[in-house]
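Student: These protein sequences, in sequence, are chains A and B.
To get my numbering, take the position in the first sequence, counting from 1, and add 93.
To get my numbering, take the position in the second sequence, counting from 1, and add 93.
Note that beta-carbon positions come from the ideal geometry of N, C-alpha and C, so glycine has one too.
Keep in mind that this is a model prediction, so the values were computed, not measured.
Protein chains: 2
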Amino acid sequence: MLAARCRRAYLGAMGTHHHPINDTAALKDAARTQLIDRGEQWTEMRATVFEALATFDSPASAYDIAEEVSRRRGKRVAANSVYRILDLFVGANLARRVESANAYVANEHPGCLHDCIFLICDQCGKATHIDDDRLTAEVRDVASKAGFKAARPVIEVRGRCGECER
Amino acid sequence: MLAARCRRAYLGAMGTHHHPINDTAALKDAARTQLIDRGEQWTEMRATVFEALATFDSPASAYDIAEEVSRRRGKRVAANSVYRILDLFVGANLARRVESANAYVANEHPGCLHDCIFLICDQCGKATHIDDDRLTAEVRDVASKAGFKAARPVIEVRGRCGECER
DNA sequence: ATCGATAATGTAATGTTGTAACCTTGCACA
DNA sequence: TGTGCAAGGTTACAACATTACATTATCGAT
Ligand SMILES: [Zn+2]
Ligand SMILES: [Zn+2]
Ligand SMILES: [Zn+2]
Ligand SMILES: [Zn+2]
Numbered sequence: 094m095l096a097a098r099c100r101r102a103y104l105g106a107m108g109t110h111h112h113p114i115n116d117t118a119a120l121k122d123a124a125r126t127q128l129i130d131r132g133e134q135w136t137e138m139r140a141t142v143f144e145a146l147a148t149f150d151s152p153a154s155a156y157d158i159a160e161e162v163s164r165r166r167g168k169r170v171a172a173n174s175v176y177r178i179l180d181l182f183v184g185a186n187l188a189r190r191v192e193s194a195n196a197y198v199a200n201e202h203p204g205c206l207h208d209c210i211f212l213i214c215d216q217c218g219k220a221t222h223i224d225d226d227r228l229t230a231e232v233r234d235v236a237s238k239a240g241f242k243a244a245r246p247v248i249e250v251r252g253r254c255g256e257c258e259r
Numbered sequence: 094m095l096a097a098r099c100r101r102a103y104l105g106a107m108g109t110h111h112h113p114i115n116d117t118a119a120l121k122d123a124a125r126t127q128l129i130d131r132g133e134q135w136t137e138m139r140a141t142v143f144e145a146l147a148t149f150d151s152p153a154s155a156y157d158i159a160e161e162v163s164r165r166r167g168k169r170v171a172a173n174s175v176y177r178i179l180d181l182f183v184g185a186n187l188a189r190r191v192e193s194a195n196a197y198v199a200n201e202h203p204g205c206l207h208d209c210i211f212l213i214c215d216q217c218g219k220a221t222h223i224d225d226d227r228l229t230a231e232v233r234d235v236a237s238k239a240g241f242k243a244a245r246p247v248i249e250v251r252g253r254c255g256e257c258e259r
């Protein structure tokens, strides 16, 4: 069920796989298509929020994004408008929320659905996005065995990235 | 290294195990001992915060706890004082922070150290605490293979508990 | 093209969560 | 008795998030 829409081959026995990193323009276009396919509008505002989100190289807070969107539009955009759009994006799988950072990242491969694993560096703030369907399935399985109907696994690892560890 | 202080037998092949639920008094006593062993003081204030925390049946926010502590002490206790003590408790493994809920739970078995898995019900708010050392080790392993120095895995599953699912 | 319905965004206020700076108290120990 | 330190109090503020309601944009039907 999970990752049903992802047609790329798995690498190795672990269910781990990797996606090419689209440039921002291509990513934005994919996001636009994805949203329109869901019957939602792709407005200037939404495009700007997506661009702003995609240009951050670390998870960005709604307020960070509001500030960047304000800059790009040349007028004040309130946080609550950004929250609305981020909620929409998360629902449409265009963005992910990083719970342990109260922040958001653009989904690099909006067309496919995963339970994500984020590695967040406490030093530089950057988040590495990992997909490991076998592992996340096991997390769901553990929950299920406890009589729990898993809806959304939150798997994040706080620590130090390779760059900062050197 | 992990769970080195836990001497209870594992159940099954998965590394999953379970701990008896201490009553509040016994739990509080264990917490007191644990803190004192670390060279920290067990003050009235800390005892009250711990009791308050332990009596909530769902993860409680620092403000919830501050309110309860205020009630118990008959005078206003500021959230900020509660945060200090919660930080101390988390550091000493007497309490855990539930990241996806911005809330805290008492650690039911303060004497042993785990990466915890929480199942949090979106309906009733209750959190079930699971230990599965094999699974959490795999999460650490995935992080490590990505060149990441894992410090603190956050593994939480949002969904519906058995009670609410019926 | 115009209209009316609905979706999207703006505006303002407020609620919730978390931190910082500085002060007071009480105790240990010289 | 002084002096140092840890705990907690007080105040202020920063950061994150939601609510209610007003206004504007979009789109299909006429
Ligand atoms: Zn994929
Ligand atoms: Zn780093
Ligand atoms: Zn244990
Ligand atoms: Zn429930």
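Taking beta-carbon pairs under 7 Å, can you tell me which members of the region 235-252 of chain A lie near chain B?
Tutor: Result list: Val-235, Ala-236, Ala-239, Gly-240, Phe-241, Lys-242, Ala-243, Ala-244, Arg-245, Pro-246, Val-247, Ile-248, Glu-249, Val-250, Arg-251 and Gly-252.
Student: Can the beta-carbon of Ala-252 (chain A) be found closer than 8 Å to that of Ala-243 (chain B)?
Tutor: In the sequence as presented, Ala is not what sits at residue 252 (chain A); that position holds Gly. It is a contact, given that the beta carbons lie within the stated cut-off.
Student: Check this for me: beta carbons of Val-232 (chain A) and Ile-248 (chain A), under 8 Å apart or not?
Tutor: A contact, by the Cβ cut-off of 8 Å.
Student: Taking just the CA atoms, how far does Lys-121 (chain B) sit from Val-162 (chain B)?
Tutor: So the alpha carbons of these two residues sit roughly 15 Å apart.
Student: Let's see if you can read the secondary structure: which residues bound the alpha helix (DSSP H) around Gly-255 (chain B)?
Tutor: 255-258 is the span of the alpha helix (DSSP H), which, as asked, contains Gly-255 (chain B).
Student: If we cut at 8 Å on Cβ distances, does Tyr-103 (chain A) have a partner in chain B?
Tutor: Any reading at Tyr-103 (chain A) must be qualified, since the residue scores a pLDDT of 40, below 50, and its modelled position is unreliable; no value is offered.
Student: Should Val-116 (chain A) be labelled buried (16 or more other beta-carbon atoms within 10 Å of its own) or exposed?
Tutor: Checking the displayed sequence, the identity of residue 116 (chain A) turns out to be Asp instead of Val. Exposed.
Student: Can you tell me where the alpha helix (DSSP H) holding Thr-136 (chain A) begins and where it ends?
Tutor: Note, Thr-136 (chain A): premise wrong, no alpha helix (DSSP H); not H, not E.
Student: Starting from the Cα of Ala-188 (chain A), find the closest Cα among A:Ser-174, A:Gly-204 and A:Asn-173 and give me that residue.
Tutor: Of A:Ser-174, A:Gly-204 and A:Asn-173, the residue nearest in Cα terms is A:Gly-204.
Student: Tell me the residue span of the alpha helix (DSSP H) that contains Ala-159 (chain A).
Tutor: Segment 155-166, the alpha helix (DSSP H) holding Ala-159 (chain A).
Student: Kindly indicate which three-state DSSP category Leu-179 (chain A) falls into: helix, strand or coil?
Tutor: The answer is helix: DSSP assigns Leu-179 (chain A) an H, G or I state.
Student: Sort B:Arg-139, B:Ala-220 and B:Phe-211 by Cα distance to Asp-180 (chain B) and report the nearest one.
Tutor: Considering only alpha carbons, the answer is B:Arg-139.
Student: Would you mind working out which of B:Arg-227, B:Ala-199 and B:Asn-195 sits nearest Thr-148 (chain B), comparing C-alpha positions?
Tutor: Measuring from the Cα of Thr-148 (chain B), the nearest candidate turns out to be B:Ala-199.
Student: Between Gln-127 (chain B) and ligand 2, is there a pair consisting of the residue's CB and a ligand heavy atom that are separated by less than 7 Å?
Tutor: Every heavy atom of ligand 2 is 7 Å or more from the Cβ of Gln-127 (chain B), so no.
Student: For chain A, check one thing: does any of its Cβ atoms lie closer than 8 Å to the Cβ of Ser-215 (chain B)?
Tutor: According to the sequence provided, residue 215 (chain B) is Asp. The question's Ser does not apply to it. It does; some Cβ of chain A falls within 8 Å.
Student: Can you check whether the CB of Ala-194 (chain B) is closer than 8 Å to the CB of Pro-246 (chain B)?
Tutor: Taking 8 Å as the Cβ cut-off, Pro-246 (chain B) and Ala-194 (chain B) do not qualify as a contacting pair.
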